[in-house]
Amino acid sequence: MRIARSLFALRSLLASALCVCATSVALAQAPNEAALAAFGGFTGLSKMTEDFVERVQKNPRIGRFFKEADTERIQAMLTDLFCDVLGGGCKYQGKSMQAVHANMKVASADFNVLAEELQNALTAANVPFADQNKLIAKLAPMHRDIVEK
Amino acid sequence: MTQIEHVTTLRLLKRISAVALGVAGFAGLVATAHAGTVITVAGDRDGLGMLNVVISLKPIGVAAPAAVPAIITVTQENLQFKPYISVIRKGSSVVFANRDTVEHHIKSFSSSRPFEIAVHKPGDTPPPIRFDSEGAIVAYCILHDWMRAYVYVADTPWYGTSNATGSVRIENVPAGEYEVNAWHPDLGQFKPPLTTKLTVPESGIVQTTFKFEFKPRPIRQAPRQSGVKTADAHQHH
Ligand code: HEM
């Protein structure tokens, strides 16, 4: 069992050593922590986003949208996106906002409720208002891709 | 330990394993004198057994034995990560190998060890990624939203992952005081694992139960239709 395991380890090592593929492993985000300082760094931003997603899911007005949603993935993708738009050094590579929210029939009012919950989560995370507004300002233009015309 | 003692212990353990179910960590490979067996059962809000609960035992007041770094492989096969959940010892590494017929793009946002394996082709075996911090890592595929892999990094050789009945059985745990942690993917990145303390006896079994306050969400599966190449719309904003 022991031997089998180390042989296996050796094999994987060899496999990776011999691999001439172009695949690269990189840090997903080289977070520019300074840009995220007001949000508690990347970890703080990620925690705030988890709280935000939970608030949205519990919200009586828009919670229904998220009933079947993969909130774990939303949390991860949103953190990446927030970090990106705040200049935190991340690069959001997920689907476009239009593609994600197509056919959901999100109304303007729904968008506003979500924005309120974001402010609640930011306030609970002690993010100063000026920095809250900075994030909200970056997200506001996404309205046109998310809300049903 | 004499040969005879060893055989008796083994026989005893075999008999016990007939009674309880569970997947033991690698620590079970080495029989230890004055060691007991820990059995844990994890249930959800409604008391139903919970699958994929990672149990780890950390000795209190004594250092865990030195780690032997290992390299494990998590493949992408049939548009899923395999295994769905792995437990490794701190300092060990994971190779995310593409054994699929399509490309994948892996990204993990965990604060302790973010990493990315940009679009890689079928058959690619990227270099191992080493994990030096305790805790859970979640790997996503940017191209296929349902794909998810968990790697739990434990700072102990005594761990296991629950089967569908929620039970884990960890053998050959040296007698002493332990902190027992129970973690499930649905806790997310920041909620702490459930934790309790127990005393492992010089021989025999000690049992404990965990109750999570939620119902686990269903594990997402690849869509049924064949020929899924990439996710529907993969665009950069
Ligand atoms: C500026 C505002 C918004 C941003 C930045 C945003 C961003 C995102 C992101 C990044 C995802 C995850 C995409 C993925 O899994 O790849 C997502 C998913 C989702 N969003 Fe939004 N969103 C916004 C507004 C809204 C609103 C107003 C609603 C509805 C009330 C909504 C409903 C959803 C739902 C239901 C999902 C889950 C889709 C799924 O699981 O397939 N979003 N959003």
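So the protein lines, in turn, are chains A and B. Under this note's numbering, read the first sequence as residues 1 to 149, first letter to last. Under this note's numbering, read the second sequence as residues 1001 to 1237, first letter to last. Heads up, the beta-carbon is just placed ideally off N, CA and C, and yes, glycines get one too.
If the five residues before and after residue 86/A are omitted, its C-beta is found closer than 8 Å to the C-beta atoms of 35, 36, 39, 45, 134, 135, 138, all from its own chain and listed in chain order. Where residue 124/A is concerned, there is no enclosing beta strand (DSSP E), although the alpha helix (DSSP H) around it starts and stops at 108-124. For residue 1048/B, there is no enclosing beta strand (DSSP E), as DSSP marks it with neither H nor E.
The alpha-carbon of residue 1205/B is positioned some 12 Å away from that of residue 1034/B. The closest CA to that of residue 1073/B, considering only 1085/B, 1213/B, 1154/B, is found on 1085/B. Under the three-state reduction of DSSP, residue 127/A is assigned to coil, being neither helix nor strand. According to the DSSP secondary-structure assignment, residue 1110/B is paired through a beta bridge with no residue. Using beta-carbon distances, residue 1111/B counts as an interface residue toward chain A, with a partner under 7 Å. Going by beta carbons, residue 1047/B and residue 1200/B fall outside the 7 Å limit. Cβ-Cβ distances below 8 Å link residue 1110/B to 1135, 1136, 1137, 1138, 1189 in the same chain, with the five nearest sequence neighbours on each side left out; the list follows chain order.
When the alpha-carbon of residue 1207/B is set against those of 1117/B, 1187/B, 1185/B, 1173/B, the nearest one is in 1173/B. In this structure, residue 1054/B lies away from residue 1095/B, with their beta-carbon atoms at least 7 Å apart. Boundaries of the beta strand (DSSP E) harbouring residue 1208/B: 1205-1211, taken from the DSSP string.
Residue state for residue 100/A is assigned as helix, using DSSP reduced to three classes.
Here residue 71/A is buried. Its C-beta has 16 or more other C-beta atoms within 10 Å. Taking a C-beta distance under 7 Å as the contact criterion, residue 1050/B and residue 1063/B do not qualify as a contact pair. Put simply, the CB of residue 1214/B is far from chain A, with every gap to its CB atoms at 7 Å or more. In the three-state reduction of the DSSP assignment, residue 32/A falls in the coil class, being assigned neither a helical nor a strand state. Taking a cut-off of 8 Å on C-beta distances, the segment 1115-1133 of chain B does not touch the segment 1176-1186 of chain B, as fewer than three cross pairs fall below it.
Interface with chain A (7 Å Cβ-Cβ cutoff): residue 1142/B is included. In the same chain as residue 1065/B, and ignoring 5 residues on each side of it, the C-beta atoms closer than 8 Å to its own belong to 1157, in chain order. Residue 47/A reaches chain B at 1190, counting residues in chain order whose Cβ is nearer than 7 Å. Residue 1159/B places its beta carbon less than 7 Å from that of residue 1056/B. Going by beta carbons, residue 113/A and residue 74/A fall outside the 7 Å limit. Residue-level contact check: residue 148/A does not touch chain B, since none of the beta carbons of chain B fall below 7 Å from its beta carbon.
Taking 8 Å as the upper bound for CB-CB distance, residue 1148/B and residue 1220/B are in contact here, some 7 Å apart.
Assignment of residue 49/A by DSSP, reduced to helix, strand and coil, places it in the helix class. Here DSSP, grouped into helix, strand and coil, assigns residue 43/A to helix. One alpha carbon belongs to residue 108/A, the other to residue 1127/B, and they sit about 46 Å apart. Taken through DSSP and simplified to helix, strand or coil, residue 1116/B comes out as strand. Taking 7 Å as the threshold, the shortest C-beta distance from residue 33/A to chain B does not fall below it.
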